[in-house]
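For reference, the structure is listed below as structure tokens.
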Amino acid sequence: MLEDLTISDIHSLGKSQAFEILAQIARVEKKSFPASEAFPFCEELWRKKPNTRVLYVTWTSQGAQSPLPLIAYAVYARQKGVAWLHKICVAEPFRRKGIGMQLMEYIRARLRNEDCQYIHLWVDKAREHARSLYLRIGFEEHEELPDYYSPGRAGIKMTLGLESGT
2 MLEDLTISDI HSLGKSQAFE ILAQIARVEK KSFPASEAFP FCEELWRKKP NTRVLYVTWT
62 SQGAQSPLPL IAYAVYARQK GVAWLHKICV AEPFRRKGIG MQLMEYIRAR LRNEDCQYIH
122 LWVDKAREHA RSLYLRIGFE EHEELPDYYS PGRAGIKMTL GLESGT
């Protein structure tokens, strides 16, 4: 299955295609995160914001003429040599199949090629699967903030160095 994944950037699409992908992302987002944490996947994200990237993953089954619906996505913003990963999500039916790892490896390689030096993110301390993924990739936990997401839900700041050879 992993060899049939396609990772794309919405900025490579025309307006109507990009808006359709953003609508698909918004539907997955609503199913995956509490309303208070939902990222606003609106048309504004498509309008050539130079520092923000929205990536999405589709899967093409053998013999299919077109990709199946969106199965994962990520949003990050870059300033100089630092990127902030704002969101990464794999749709529920596709989780724990290596898709999140493949998407993170793609992001890491892309940012390294763009001379980015670090990726930072915040993750809910209780989201053990997400934290485990980030740790396997090489992120390190640096700071814990109580009540970051809501009362009783701590956030952990994680960082990944992108120096050459890492």
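Counting in the numbering used here, the sequence shown runs from 2 upward without gaps. In this text, a Cβ means the ideal position worked out from N, Cα and C, and glycines have one as well.
Count the other CB atoms, across all protein chains shown, that sit within 10 Å of the CB of residue i; report buried if there are 16 or more and exposed otherwise.
i: Gly15; result: exposed
i: Leu112; result: buried
i: Arg137; result: exposed
i: Ala92; result: buried
i: Glu141; result: exposed
i: Glu30; result: buried
i: Cys43; result: exposed
i: Asn114; result: exposed
i: Gly153; result: exposed
i: Leu56; result: buried
i: Arg97; result: exposed
i: Thr167; result: Reliability fails at Thr167, whose pLDDT of 45 lies under 50, so the model's placement of it is uncertain and the value that follows must be treated cautiously. By the neighbour-count rule (16 or more Cβ atoms within 10 Å), Thr167 is not buried but exposed.
Helix, strand or coil: which one does DSSP assign to residue i?
i: Arg113; result: helix
i: Thr167; result: Only weak support exists for where Thr167 lies, its pLDDT of 45 falling under 50; the value from the coordinates is given anyway. Reduced to three states, the DSSP call for Thr167 is coil.
i: Ile22; result: helix
i: Ala39; result: coil
i: Ile157; result: strand
i: Ile8; result: strand
Are the beta-carbon atoms belonging to residue i and residue j less than 7 Å from one another?
i: Tyr119; j: Val83; result: yes
i: Cys90; j: Ser17; result: no
i: His130; j: Trp85; result: no
i: Leu104; j: Ala127; result: no
i: Asp125; j: Tyr107; result: no
i: Gly139; j: Leu163; result: no
i: Lys88; j: Phe40; result: yes
i: Lys81; j: Trp123; result: no
i: Ile8; j: Val58; result: yes
i: Gly101; j: Leu134; result: yes
i: Thr61; j: Asp5; result: yes
With a threshold of 6 Å (Cβ to nearest heavy atom), would residue i be considered close to the ligand FMN?
i: Arg154; result: Looking for the ligand FMN in the displayed structure turns up nothing, as the structure carries no ligands at all.
Enumerated in chain order, which unbroken segments of the alpha helix (DSSP H) with a length of 4 residues or greater are wholly contained in the stretch 79 to 149? Listed in chain order, they are 100 to 114, 129 to 138.
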